[in-house]
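Sequences listed follow chains C and A, in order. 222 is the number that the working numbering gives to position 222 of the first sequence; each next residue is one higher, with no gaps. Just so we're on the same page, the working numbering is the position in the second sequence counted from 1, plus 243.
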Amino acid sequence: MLYRGDRLVKGVGFGGHRDAGNPITTTRVYNSQGADELLVLRIGAGPKPDGAKYLQQMTTLARECSVPLCLGGGIENLDDAQKLFDCGADKIFVSRAARINPALITQIARRFGNQAVMVGLEIVRTEGRALLYDSHATAAIPDIDWLDHASRVVQAGAGELRLCSVGHEGTGEGLDLEAFGALAGHVNVPIILEGGCKALEHLDIALHAGCRNIALGSMLVFSDHNIIKIKAYLKNKGHRIRF
Amino acid sequence: MKCALVDYGAGNVSSVQQACWRAGTEAVAVSDPEKLLEAERIIFPGVGGAPVAMERIRALGLDEAIKTAVNRKGRPFLGICLGMQLLGQAHEEHGGCSGINLLTGKIVSLEKLGGGFRIPHIGWKDIGILENKAEQNLLLKIPARRRTFYFAHSFYFQAECGDIIGDCEIAPGIRIPAALQRRNILATQFHPEKSQEAGRLLFQEFLKWNPA
Numbered sequence: 001m002l003y004r005g006d007r008l009v010k011g012v013g014f015g016g017h018r019d020a021g022n023p024i025t026t027t028r029v030y031n032s033q034g035a036d037e038l039l040v041l042r043i044g045a046g047p048k049p050d051g052a053k054y055l056q057q058m059t060t061l062a063r064e065c066s067v068p069l070c071l072g073g074g075i076e077n078l079d080d081a082q083k084l085f086d087c088g089a090d091k092i093f094v095s096r097a098a099r100i101n102p103a104l105i106t107q108i109a110r111r112f113g114n115q116a117v118m119v120g121l122e123i124v125r126t127e128g129r130a131l132l133y134d135s136h137a138t139a140a141i142p143d144i145d146w147l148d149h150a151s152r153v154v155q156a157g158a159g160e161l162r163l164c165s166v167g168h169e170g171t172g173e174g175l176d177l178e179a180f181g182a183l184a185g186h187v188n189v190p191i192i193l194e195g196g197c198k199a200l201e202h203l204d205i206a207l208h209a210g211c212r213n214i215a216l217g218s219m220l221v222f223s224d225h226n227i228i229k230i231k232a233y234l235k236n237k238g239h240r241i242r243f
Numbered sequence: 244m245k246c247a248l249v250d251y252g253a254g255n256v257s258s259v260q261q262a263c264w265r266a267g268t269e270a271v272a273v274s275d276p277e278k279l280l281e282a283e284r285i286i287f288p289g290v291g292g293a294p295v296a297m298e299r300i301r302a303l304g305l306d307e308a309i310k311t312a313v314n315r316k317g318r319p320f321l322g323i324c325l326g327m328q329l330l331g332q333a334h335e336e337h338g339g340c341s342g343i344n345l346l347t348g349k350i351v352s353l354e355k356l357g358g359g360f361r362i363p364h365i366g367w368k369d370i371g372i373l374e375n376k377a378e379q380n381l382l383l384k385i386p387a388r389r390r391t392f393y394f395a396h397s398f399y400f401q402a403e404c405g406d407i408i409g410d411c412e413i414a415p416g417i418r419i420p421a422a423l424q425r426r427n428i429l430a431t432q433f434h435p436e437k438s439q440e441a442g443r444l445l446f447q448e449f450l451k452w453n454p455a
């Protein structure tokens, strides 16, 4: 779930965001449909004029959520993270801060445990090469090897990685299993794969490829799919799904 | 006070409070040992590093209050995740620390179990029932198809066989204790407060539990 202003939005390739509903009612719906976890990311954060309202809304959202809740977006220091834990978050998502200030990962992990730090890895493919992507600058970062970066954040204390292939995000072309395979062989923490799911088969293929955790955005927002239907499909395909 | 939540500044107290509320009971966050002894039943939540948590618990005098409530007053007691682990004898995280010592066993890294799985162990798992405690096993009160709970941890409780009431598979052929029960103590490695309907049912059972 992408949060901007006081609404949810959804886009394609980290841009072109359209309104995607009220965050509280959407949480209620996903929770009751049996979502296994919710990840709410504040985007376009910049300075924080809407801080108080955001925190209040996240507190209300957390009360609606009886599954694990990960909050993040624009986290810069331990105090930002503490505020989100106080709202009721179980985990904190950091992406940009993990690059700029990896010590923050260690600080959050020391206080709340490694399992409470999820680091986002956004990658983009340029001429066949996978590169880290800076969603603030909307540009690739050619001078950092993305797999080395992944090892560093795990070393620093990240308990989970969320891998999102920007070229795939919102396109409905299927998940980036090549990138997933590379990362899965490189680190030993759980990986959540995101970006590109449109058809039910995409999930079936990814689970067969060894992916255990998939995050869905567009598929739940701008389609006639829902969590119940998706889980019923995967259960029928023989996957171990909580249903 | 019907139910107290031990609040030592390192737990997800608000999540557990919500979960109790969903199960029909108002639980009160308590960090004063005297107040804790007034509670009819106690929940001990926890996330984060063991030594830091233990230090805070000792500084507040909560370890002694917990022992008194459990051993002398016989209060029903639920430890969740780190709250379960701190009931053991010793924890080896970050240089190690001793525990509250209400349950027999040490808490060690999942790495000790060898490879074949990712650490932390995070996700939803089906619980297997062990034959211990017979019909008193609280997990049996939850319908079999609902026994799926959320785990998030890097250490596990090497418990006494007789205390283990449920386990889970973290890799093919490797199982770890998921829940312990001994007299008036129930302890879960998983997070019932984050396990939706399954969790709500377990809280309901705990909140009306009258251990013999």
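In this text, a Cβ means the ideal position worked out from N, Cα and C, and glycines have one as well. Quick caveat: nothing in here was measured; it's all calculated off a predicted structure.
Candidates the options: closest to residue i by CA position
i       : options                            : result
R152(C) : L183(C), A81(C), C197(C)           : L183(C)
M219(C) : K10(C), N188(C), L55(C)            : K10(C)
E335(A) : F320(A), K355(A), R418(A)          : K355(A)
A98(C)  : C211(C), L84(C), V154(C), G128(C)  : V154(C)
F394(A) : I419(A), D275(A), A402(A)          : I419(A)
G13(C)  : L61(C), T171(C), G74(C), V40(C)    : T171(C)
G289(A) : N314(A), L248(A), R390(A)          : L248(A)
Q33(C)  : G238(C), H239(C), A232(C)          : A232(C)
D204(C) : I192(C), L175(C), N226(C)          : L175(C)
L346(A) : Q261(A), I428(A), A308(A)          : I428(A)
G358(A) : I100(C), V189(C), I105(C)          : V189(C)
I362(A) : V119(C), N114(C), I123(C), L121(C) : N114(C)
S274(A) : G291(A), I285(A), L303(A)          : L303(A)
Element boundaries [beta strand (DSSP E), containing residue i]
i       : result
Y399(A) : 398 to 402
Q424(A) : 417 to 425
V273(A) : 270 to 273
A215(C) : 213 to 215
I230(C) : That residue, I230(C), is in no beta strand (DSSP E); its alpha helix (DSSP H) goes 227 to 236.
W452(A) : First-last for W452(A): undefined, no H or E at that position.
K349(A) : 348 to 352
H364(A) : 364 to 369
I286(A) : 284 to 287
S165(C) : 160 to 165
C197(C) : It is not in any beta strand (DSSP E) - C197(C) carries neither H nor E in the DSSP assignment.
G409(A) : 407 to 414
Per-residue burial, residue i [other beta carbons within 10 Å of its own, 16 or more giving buried]
i       : result
C263(A) : buried
Q379(A) : exposed
A20(C)  : buried
G252(A) : exposed
K368(A) : buried
T26(C)  : buried
D306(A) : buried
L2(C)   : buried
S257(A) : buried
T431(A) : buried
D224(C) : exposed
K437(A) : buried
P47(C)  : Per-residue confidence for P47(C) stands at a pLDDT of 48, beneath the threshold of 50, marking its modelled position as unreliable; no derived number is given.
T126(C) : exposed
T391(A) : buried
K235(C) : exposed
E269(A) : exposed
S352(A) : exposed
D6(C)   : exposed
C411(A) : buried
H136(C) : exposed
G322(A) : buried
Residue i: first and last residue of the uninterrupted alpha helix (DSSP H) it sits in
i       : result
V259(A) : 256 to 265
N31(C)  : 23 to 33
C87(C)  : 78 to 87
F180(C) : 177 to 184
G51(C)  : 51 to 64
R152(C) : 146 to 156
H208(C) : 200 to 208
V12(C)  : From DSSP, V12(C) is part of no alpha helix (DSSP H) but of the beta strand (DSSP E) over 7 to 12.
V221(C) : 218 to 221
L280(A) : Note, L280(A): premise wrong, no alpha helix (DSSP H); not H, not E.
Rounded Cβ spacing between residue i and residue j (contact assumed at less than 8 Å)
i       : j       : result
A215(C) : E194(C) : 4 Å
L41(C)  : G73(C)  : 4 Å
A293(A) : L325(A) : 6 Å
C65(C)  : L38(C)  : 6 Å
G196(C) : H239(C) : Their Cβ separation, rounded to whole angstroms, is 19 Å, which puts G196(C) and H239(C) out of contact at 8 Å.
L177(C) : A209(C) : 5 Å
C246(A) : E281(A) : C246(A) to E281(A), Cβ: 11 Å. No contact.
Q439(A) : V67(C)  : 6 Å
Below-7 Å beta-carbon distance, residue i vs any chain E residue
i      : result
P68(C) : Looking for chain E here will not work: the only protein chains present are C and A.
Completely contained alpha helix (DSSP H) runs for the segment 89 to 129 of chain C, where each covers 4 or more residues: Secondary structure within the segment 89 to 129 of chain C: the alpha helix (DSSP H) runs of 4 or more consecutive residues, fully enclosed, are 96 to 100, 103 to 112 (chain order).
Whole runs of the alpha helix (DSSP H) within the segment 289 to 325 of chain A, excluding any shorter than 4 residues: Counting only runs of 4 or more, we get 293 to 303, 305 to 310.
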